[in-house]
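Undergrad: Can you read through this structure? Questions will come right after.
Numbering (UniProt numbering), first residue to last: 1 to 62.
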């Protein structure tokens, strides 16, 4: 049986930690950064862990 290919769009967006949790970037950090405060931009840099309900689906496609 062939090896399943990962979805490259998902592989670039999500990363698995050593403990098996999935990490993702926050939204709203892509553009229009001049009007956002430095505090807000700094807060948006931090990674989030994906919810448990979404974790199973994301692990399949990575």
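Where a beta carbon is used, it is the ideal one built from N, C-alpha and C, also for glycine.
Because the structure is a prediction, the values reported are computed rather than measured.
Name the residue from 55, 60 and 61 whose alpha carbon lies nearest to the alpha carbon of residue 21.
TA: With respect to the C-alpha of residue 21, the residue from 55, 60 and 61 having the closest C-alpha is 55.
Undergrad: If you draw a straight line from the C-alpha of residue 49 to the C-alpha of residue 58, how long is it?
TA: 12 Å
Undergrad: When you compare only the Cα positions, how much space is there between residue 35 and residue 26?
TA: 17 Å
Undergrad: Are the CB atoms of residue 44 and residue 23 within a distance shorter than 8 Å?
TA: For residue 23 and residue 44, no; Cβs fall outside 8 Å.
Undergrad: Between residue 16 and the rest of its own chain, which residues show a CB-CB distance below 8 Å, the 5 nearest in sequence each way excluded?
TA: 22, 23, 59 and 62
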